[in-house]
Each structure stands twice: as C-alpha cells, then as structure tokens.
Amino acid sequence: MNFTLHIWRQKNAQSKGDFHTYQVDDIDSDTSFLEMLDQLNEQLIGKDEDCVVFDYDCREGICGACSLVINGHPHGEKKATTTCQLYMREYANQSELWIEPFRADSFPVIKDVLTNRDAFDRIIQAGGYVSTNTGSAPDANSQLIRKPDADAAFDAATCIGCGACVAVCPNASASLFVSAKIAHLDYLPQGKVQSDTRATNMVRQMELEGFGSCSNHRHCESVCPQEISIANITTMNRLL
Amino acid sequence: MSKLNSNAPTGDIDKRWEKHLFELSLIAPQNRGKYNIIVIGTGLAGASLCATLGESGYNVQSFCFNDSPRRAHSIAAQGGINASKNYQNDGDSTQRLFYDTMKGGDFRARESNVYRLAQLSGNIIDQAVSQGVPFAREYSGYLANRSFGGAQVSRTFYARGQTGQQLLLGAYSAMSKEVASGKVKHQSRSEMLEIILVDGKARGIVVRDLVSGEISAHTADCVVMCTGGYSNAFYLSTNAKGCNTSATWRAHKKGAFYANPSFTQIHPTCIPPTGENQSKLTLMSESLRNDGRIWAPKNIADCGKDPREIAEEDRDYFLERMYPAFANLVPRDVASRAVKSICDEGRGIGTEIHGEKLGVYLDFSSIIERIGEDKVREKYGNLFDMYERISGENPYQLPMKIYPAPHYTMGGLWVDYNLMTTIDGLFAAGEANYSEHGANRLGASALMQGLADGYFIAPRTVANYLAKNKLEPVGLDHPDVVKAMDDVKDRIDKLMNAPEPKNSPDYYHKKVGRILWAACGMSREKESLKAAIEEIKALQIDFWQHVKVTGVDKDMNQTLERAGRVADFIELGHLMCRDALEREESCGCHARLEYLESDGEAKRDDENFAYVAAWEYSEAGAVLNKEQLDFEFVKPSVRDYT
Chain A
22 MNFTLHIWRQ KNAQSKGDFH TYQVDDIDSD TSFLEMLDQL NEQLIGKDED
72 CVVFDYDCRE GICGACSLVI NGHPHGEKKA TTTCQLYMRE YANQSELWIE
122 PFRADSFPVI KDVLTNRDAF DRIIQAGGYV STNTGSAPDA NSQLIRKPDA
172 DAAFDAATCI GCGACVAVCP NASASLFVSA KIAHLDYLPQ GKVQSDTRAT
222 NMVRQMELEG FGSCSNHRHC ESVCPQEISI ANITTMNRLL
Chain B
861 MSKLNSNAPT GDIDKRWEKH LFELSLIAPQ NRGKYNIIVI GTGLAGASLC
911 ATLGESGYNV QSFCFNDSPR RAHSIAAQGG INASKNYQND GDSTQRLFYD
961 TMKGGDFRAR ESNVYRLAQL SGNIIDQAVS QGVPFAREYS GYLANRSFGG
1011 AQVSRTFYAR GQTGQQLLLG AYSAMSKEVA SGKVKHQSRS EMLEIILVDG
1061 KARGIVVRDL VSGEISAHTA DCVVMCTGGY SNAFYLSTNA KGCNTSATWR
1111 AHKKGAFYAN PSFTQIHPTC IPPTGENQSK LTLMSESLRN DGRIWAPKNI
1161 ADCGKDPREI AEEDRDYFLE RMYPAFANLV PRDVASRAVK SICDEGRGIG
1211 TEIHGEKLGV YLDFSSIIER IGEDKVREKY GNLFDMYERI SGENPYQLPM
1261 KIYPAPHYTM GGLWVDYNLM TTIDGLFAAG EANYSEHGAN RLGASALMQG
1311 LADGYFIAPR TVANYLAKNK LEPVGLDHPD VVKAMDDVKD RIDKLMNAPE
1361 PKNSPDYYHK KVGRILWAAC GMSREKESLK AAIEEIKALQ IDFWQHVKVT
1411 GVDKDMNQTL ERAGRVADFI ELGHLMCRDA LEREESCGCH ARLEYLESDG
1461 EAKRDDENFA YVAAWEYSEA GAVLNKEQLD FEFVKPSVRD YT
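Protein chains in written order, with my numbering: chain A, 22 to 261; chain B, 861 to 1502.
Shown next, in the form of structure tokens:
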C-alpha cells in the first residue's frame, strides 16, 4: 500500500509548526500505524533528515503514551482503539493522511507531534489516590465489596491517561479523565472516605492547569480508547 | 575464593526474614529527612519504592524515560498476581508457593529470597486493595482467584486482563501522593546514562534530559535501579519499545555483576509475527490457558486448512497428550518448547515467513460451548478484543494463532539478600535484578516480585545501608562527577559522529536480535553460540563505525536514544551468549540441545551447575564468578509436569 502523509513538524514549543508532506510506499496492510511511521523515519535517516518525533511505548494499547490526531480524529477514526493498535488495513490504498498532535493549551507541543501531558500527573498528585501508607493495610478480604461496585470501579479505573478526551473537546476539558479517577475511587469503600476532598482538589487542579469545563458535547466518550463512560462526570459533579 | 556473599540469614527458613528485619539497622523518623535516595525507573518496583520511602520521610529523587511513571511497562502485565492467601481453601500455603516457585525456576534460585517472597505475597494484595486496586470479586463480595501455569492451586488475583495496569496505577497513585507531599522529586523524560561512584560507592547518576538533550549529574547517598528487563535484546519481544538494558549495563561496566544473563523467558502464547517490519510482539495472557486448548493439526497436509474444517480426530492437543496432569497449564518454558517442536516438525500454521509457519492454535470453542460466549467475554473480553484488533480475526469464531516470544528476563544484576549489587550503595529491584525466578518464572509472579521488592524489602534494606555507612555529601564539582559527565558526553559524540555513518540504529537492533533469537532463544547449542559470539563482536565494530544518527544531540532525538540503547544491547547480547555457552546443562528456559532427555525435557546437572553465574565486567572479557546454591529446604528433583 502507498500513502501520502501530511505531518505536523514543529521544532519546539516556541516555534511555529506546519505540515510537511511525505510519501511512503510498499507498506504491508498488516503494518501498524506507528510501524508505518517507523518506516518513514528509516527513510528520513537514509536522507540525512531529522526523524519525526512521536510518543509511543507499549504498542499494545495500554500505556497511554501514543497520541496523534489522524484525519481530524484523536487516535484515528476506529472506535475504542489507540493509535498504536491501528493497522494500515483500515485505510484505503493511496489515501492521504493528516497527522497532527493532540491540541490543547494545557498539552503544549514539545516537538513535531509530541506533546507535554504533565498536567495529568499534577491532577493525580492533587488527590487521585487513597491516603494509605505501606504496611498498614488490613486483610484484603476483611472488607467486602459488591461485585457490581467492584466492576464499575474497574471500568472507570481502566483510563490510560492518553488525553484523547481533551484533544477532542471543544473546551479542552479534562473532565472525563478527572472524573474517571474520582468515580473509580468513589465506588470503593477504601476510596470513598476521601471522595469529597478528592473531587474538589482534582477539579481545582484541572482548572489551574487551564483545562476547560464540561459542556456536555460528549465527544470525549466517543473517542476514548477505553470507552470510559461520561456517567463518571455525573458522579464527579455530584461530589463537588 | 568467590567475591559473592549472599548475606542470606541462616536458621529456620520461615524465621529468616523476621530475624533479618530485627538485625537491620533503623533510622529514627526525625533523622530520615537527612538522607537522599535516587530511584531510577518508576514501574511497579520503582513507584512502590518511591511511595514507601517518601512516606517514611526520606528524600527521594526519581527518574523515568517515559513522559509519566504511569507508562512504565509493568502496565502491560495482563493475567494476575500470585499470593498464597489460600482464600480458595485448596491447600495453598507459604510453603507451597515457595516450593512451586523453586521448582518452576528449575532449582536455580536462592531459597532464602524465594521463601521471603512467598511470605510477603499476601501483604501485597492487602496493600493493593487498600489503595483501591479493583481486583475481580465474586458475587459474595470476596476476592476472586484463578489458576496459572505451574501450580495446582488457584492463587492468582486479577483485574480482568489488566492486572499490571491496575497495580501500577495503585503504586503510581501512592507515589503521586508523595510527590505532592514534596518527599519525592520526580523527573520524567530523563534517561540515566551513567552511574557515579565515589570511593567505590554508588553516589549518583548522570542523566540526559530527553527533551532538551542537556546532560546533568545528580548525587545522593545511594542509588536504586528499578529499570526492568532486557527482552528487547531480541528486538522482537512483548516488551514496550522503550524497555532497555542501558541503566543495568552502565552499572555492570562500573562493577555490578550481571547474573544469569542467558535466563530469558520465552512466553508460549503471543501473537505470531506477520511480516518483516513488525516492531513488537503482543502477548496473549497465560490466563487464557485456563480455558483455551492448544492444538496443531496431526497431519502436515491440514496445516493450510481453515481450522474449523479439521476434524476433532485430526487435531493434536499436544500439551494435554504430553502432560496429562498439568495439560495446558504447564510452565512457560515447557509449553514454549513443545510449541517449537511441533512447528519444527512442520505442523505449524499461519503466515509463512522465511519458509516456516510459526504458529499453533489456542482454541476456545469448547469453553464457549460449555459456558456461553457472554461468560467468556466477561472473563477475557479485553484480551479477545485486543487479539481481534491486531490479527483482524474474531477469536470467538476462529481459534487464536499463537507462537512463543521473548517476554521476561530472569537474569539481571546480581543482588544479595538485601537487594544490593556488587557495588556498595547500588541496589536493584524488580525485573532489573536476577531475582527469585531461577531459570524460569511462573506466570503471575513478576508483579509479586516487583511489589515485594518495592513496598517491603528495599525500603528496609536501603535504610539499613544508610544507617551503617557514614557518607559525606558529594558536590557536583567532585572530580568523579565531572569525569562521569565527560564520559557520557564523549559517548554521545561518538554516537552522533560515527566515521562512516550508513545504517540506522534499528538496522543494528534487528541484526543483534536475529542472532540472539537463533542462537540464544528457545534452544541453544555450543557451536552456534560460539558462532553467535563472533558475529556479535563483528556487529559491535560495524555499529561504532557505521551507525547513523540524524538530527542534533541538544534536542529531542529519539534516534539518538535508540542508538545508545542498541549499543548496550549488542554488548549484553555477547554476554548472554557467553553465559549460555558456559552453562553446560539444560535447566528451565535454558535448553542446551546437547543436554536434553530423549523426550526433550531439560537435563539438569546439579553437581556442576547449581550456581548463579555472576559475570564481572573486564575490558579483556567478562569473568565468571559463581554463587553456589544450597538447597536445605527443597530437594531439587526432576521437574515433572506429566
């Protein structure tokens, strides 16, 4: 398969970026999207050019490092899928692909299509934990948890912190990310004790980081690779 | 005279850790703030250690190469974590988990450490639950368990197929709490490139800021490496792309012995490669072997057929046939070798690469028939979805195709009972150390070991080291610090400016990977190992002459990052082959063709090889040191899973 790629190249956070066009040919249909970019980078090394910088690590959809807006969609058009789990068989041969970074003021571009998502770490530091210290825990079965609650906690806890919810939101709100952590811990007796202060502190940090508020566009849920539900945002609002 | 002292306590095995804890020196709470500790790598071991040290009151500086600690590859562990809670009342105990781990590792691990791990296993579950880790539960509200390979009890706790993710996020949240409290100062996108020794003690590290390319030195009272394993030496593995050996290899070159580097786990159930440009392989959790049945066609003629058209009597459920007692749940090394031998007979299925079909079926049709698709979806849904995304095939309708792939490394930096390497003040925890798994790790034991090290062992032993050593502060102008900085800069210059730049770092990574997979993978043999050693030597010379890194070093440059890591993989690959060559026996993952029983089982040689091979770096060639393993509480037997 052959593709024409229009990739956002930006030297650093201070400079202005623009699209550069590259051609990649003879791509096997079972090649993943990031492997296709690997092949582009091999070409660039051959031509003595600086490679396109992009975030990736596990390449199995769980670490949350990969990002990219592909043809206008964070993680591409395929539902419930991270960019690293996209395969070129999803695209028509000879198609043009527009590849951009996740765009939000709170995710400044570091270089090319790679952004700084440290704001998410700081939001977790503001309260996304249970204040338990090592060694003080009682026996794990001493507190029973209803299976539906445990399952709901798990569903919220599967958030991979990629930031696609922010990238797609017209307000660049991090509400889905923040609410997933708040709801995860609120479903469990261990976390519930601190639910009120956790919600207040995490939402305050979200605002300090410059993320917008939720105005119910619901795009976040539709692009979330883990299919995190916007019902979590209701839980968050209830706790505020 | 061996230079290795395990510092393991003596006496009753079940009292050793308790006795040791009492003998370790303490630091009073009001004094802990005077000590500085560097932690490199913030996966399960590193994040749990940072959290625990921070809570205790120490000053921690942590570093990771990812953009956040939450990305560490621990996140990808799927199936579960073992603990001998005996919640299922099926006869489990500390003793049994200890024995299963010793036996699973083919009696090449240190008894004292393994027993301690089994003792601590239950505390980890308690700790994780208290953090809000959403483990699977029964309708009763109690925790659920499942079975894993190499055990006849159900002791594996799990969070669907994302147990590693949930445990890492638990440790990450605990660490985040300490970042907020100011006790942990964390730097992401930072790669450790050198260890700083002062008077023979580890006192700091040199780090490259992966965004700006700036080189900086950081000093402390001691250093802990939690930098993971080196499966990526094989190029194609189930590890994340960034996983590397550079931190442990730099430590090795400064005096930390590398133990059992050839002990690498090849996981039986991974999605087979489909082409030349593939960048990694994906694991399908061992938990699938609870309900999936592994088979291959009996007749080579059937190998190209649609599997659903192959009659039941023409299918060879070879693990059930060869190992009736453990069947599809034999340990990983046993399963991997069986799959390989079937494919070597020509009975493999799937895409043909280089004239070989490398794959067998993992079939869920009988369990779907028995309990229904919905129940199967509840248990394994995310794994089935992942399989479908990658392969484009629906595993509810077609059996999965699987083939073994490098997955975990039992080898790593040699450590004593205190998790200290042969460099004073340099500790290694988690997969980075050679650990308790001997020659083969049992499924669901990696998470257990990483967290035991980070939450419960290293915090105590590091404090003991600090209490016992009077350490003067090391300034950034200290000559040893300046020298380490200069060495790092020189090396980067060499990588950026090879005499005749021609080939990308990936070109060399694929080359060394292919050499290792052929000679030091699922089967090893003297002559091919010797040839591989020569090939790797030549590759190393070629690399430094021809490696091509574009862009500049004072900038974000992923090509440069990769080049540095590949250079280290090449050197480590050489040592892996030497280690495999030296060990003239078969044990666990290490299958030397010259030392196999007629049925393909490993032929161990306890008389001559019941030791940990700890390699000491030297310019002239690595020197072998041996830590003799004594077995007082288990009797090494032939591993029999039939």
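All C-beta atoms in this analysis are idealised placements derived from N, C-alpha and C, irrespective of residue type, glycine included. This structure is a prediction, so every number in the text was calculated from the model and none was measured.
Next item on the list: Return helix, strand or coil for S116(A), following the three-state DSSP convention.
Entry: S116(A) falls in the coil class under three-state DSSP.
Notebook entry, point to check: Mapping DSSP to helix, strand and coil, what is R219(A)?
Noted result: When DSSP states are grouped into helix, strand and coil, R219(A) belongs to the helix group.
Check: Counting only runs that start and end within the segment 1317-1345 of chain B, where is the alpha helix (DSSP H) found for 4 or more residues in a row?
Finding: Counting only runs of 4 or more, we get 1318-1328.
Checklist line | For Q1418(B), three-class secondary structure by DSSP | finding: Helix, per DSSP.
Note to self: Three or more C-beta pairs under 8 Å: does that hold for the segment 1271-1289 of chain B against the segment 1080-1098 of chain B?
What the structure shows: Under the 8 Å Cβ criterion, the segment 1271-1289 of chain B counts as touching the segment 1080-1098 of chain B, having at least three qualifying pairs.
Margin query: Contact criterion: CB-CB distance below 9 Å. Does Y112(A) meet it with respect to chain E?
Written below: Absent here is chain E; the protein component of the structure consists of chains A and B.
Notebook entry, point to check: What is the DSSP secondary structure of M861(B), reduced to helix, strand or coil?
Noted result: Low per-residue confidence applies at M861(B): pLDDT is 41, beneath 50, and the placement is therefore not dependable, though the value from the model is reported in the following sentence. Here M861(B) sits in coil by DSSP.
Notebook entry, point to check: How would you label A1491(B), buried or exposed, when you count the other beta carbons within 10 angstroms and need 16 or more for buried?
Noted result: The residue asked about is misnamed: residue 1491(B) is Phe in this sequence, not Ala. The residue in question, F1491(B), is exposed, as its Cβ has fewer than 16 Cβ neighbours within 10 Å.
Checklist line | Beta-carbon separation (whole angstroms), D1413(B) vs G1060(B), contact threshold 8 Å | finding: About 31 Å; that fails the 8 Å criterion.
Margin query: Please list the terminal residues of the continuous alpha helix (DSSP H) segment that includes P1365(B).
Written below: If you look at P1365(B), you'll find it in the alpha helix (DSSP H) that goes 1365-1379.
Check: At a Cβ cut of 7 Å, what residues of the segment 162-179 of chain A count as close to chain B, listed as they run along the chain?
Finding: Within the segment 162-179 of chain A, the residues whose Cβ lies closer than 7 Å to some Cβ of chain B are N162, L165, I166, R167, K168, A171, A174, F175, A178, T179, listed in chain order.
Check: Would G93(A) be called buried (16 or more neighbouring beta carbons within 10 Å of its own) or exposed?
Finding: Burial call: exposed.
Notebook entry, point to check: Going by alpha carbons, who is nearest to Q1257(B) out of L1489(B), D1350(B), L1484(B), D1166(B)?
Noted result: The residue with the shortest Cα to Cα distance from Q1257(B) is D1166(B).
Note to self: Taking the alpha carbon of Q211(A) as the reference point, which residue from S243(A), C186(A), T153(A) has its own alpha carbon closest?
What the structure shows: When only C-alpha atoms are compared, the closest one is T153(A).
Note to self: With a threshold of 9 Å between beta carbons, is F923(B) in contact with chain A?
What the structure shows: Taking Cβ atoms only, chain A never reaches closer than 9 Å to F923(B), which makes this a no.
Margin query: Just to confirm my understanding: we take D78(A), look at its own chain, exclude 5 residues before and 5 after, and list those with CB closer than 6 Å. What are they?
Written below: If you ignore the 5 residues before and after D78(A), its C-beta comes within less than 6 Å of the C-beta of C84, A86, all in its own chain and listed in chain order.
Item checked: Where I1202(B) sits in the DSSP three-state scheme -> Residue state, collapsed to three classes: helix.
Margin query: My output table needs one value for H96(A): the three-state DSSP class, helix, strand or coil.
Written below: Here H96(A) sits in coil by DSSP.
Notebook entry, point to check: Beta-carbon of L1258(B) versus every beta-carbon of chain A: anything under 9 Å?
Noted result: L1258(B) has a beta carbon lying at 9 Å or more from every beta carbon in chain A.
Checklist line | CB contact below 9 Å: F1491(B) versus chain A | finding: Interface residue (Cβ-Cβ distance to chain A less than 9 Å): F1491(B) is not classified as such.
Note to self: Here's the rule: buried if 16 or more other CB atoms are within 10 angstroms of the residue's CB, otherwise exposed. What is M861(B)?
What the structure shows: Per-residue confidence for M861(B) stands at a pLDDT of 41, beneath the threshold of 50, marking its modelled position as unreliable; the derived number appears in the next sentence. M861(B) is exposed by the Cβ-count criterion.
Checklist line | Coil, strand or helix - I48(A) by DSSP | finding: Reduced to three states, the DSSP call for I48(A) is coil.
Check: To which residues of the same chain is N919(B) closer than 6 Å at the C-beta, ignoring the five residues directly before and after it?
Finding: Closer than 6 Å at the Cβ level, and outside the excluded window around N919(B), lie N896.
Check: Per DSSP, L1389(B) forms a beta bridge with which residues?
Finding: According to DSSP, L1389(B) bridges with nothing at all.
Check: With C-beta atoms as the reference, is D952(B) less than 9 Å away from S944(B)?
Finding: Yes. Within cutoff.
Item checked: Opening and closing residue of the alpha helix (DSSP H) in which N1092(B) lies -> No alpha helix (DSSP H) holds N1092(B); DSSP gives it neither H nor E.
Checklist line | CB contact check: S1147(B) to chain A, cutoff 9 Å | finding: So no, S1147(B) is outside the interface.
Check: In terms of residue numbering, what span does the alpha helix (DSSP H) encompassing P1132(B) cover?
Finding: Here P1132(B) belongs to no alpha helix (DSSP H), and DSSP marks it neither H nor E.
Item checked: Proximity test, Cβ basis, 9 Å: K1101(B) and chain A -> Chain A contact via Cβ: present.
Note to self: With DSSP as the reference, identify every bridge partner of M1260(B), one or two as the case may be.
What the structure shows: Answer by DSSP bridge pairing, in chain order: L1222(B).
Check: Which class does L107(A) belong to by DSSP, given the choice of helix, strand or coil?
Finding: The answer is coil: DSSP assigns L107(A) none of H, G, I, E or B.
Next item on the list: Please name the residues in the segment 176-203 of chain A whose beta-carbon is closer than 7 Å to at least one beta-carbon of chain B, in chain order.
Entry: With the criterion set as a beta carbon lying under 7 Å from some beta carbon of chain B, the members of the segment 176-203 of chain A are A178, T179, G182, in sequence order.
Notebook entry, point to check: So, G992(B) versus A1292(B), is the Cβ gap smaller than 9 Å?
Noted result: For the pair G992(B) and A1292(B), the CB atoms are not nearer than the 9 Å cut-off.
Next item on the list: Go ahead and pull the three-state DSSP assignment for M1052(B).
Entry: If DSSP states are grouped into helix, strand and coil, M1052(B) belongs with the strands.
Next item on the list: Check whether the segment 196-207 of chain A touches the segment 971-984 of chain B, counting contact only when three or more Cβ pairs, one atom from each stretch, lie closer than 8 Å.
Entry: The segment 196-207 of chain A, when compared against the segment 971-984 of chain B, does not touch it at the 8 Å Cβ threshold.
Checklist line | 8 Å CB neighbourhood of L1453(B) in its chain, flanking five on each side removed | finding: So the list reads S1383, R1384, E1385, once near-sequence residues are dropped.
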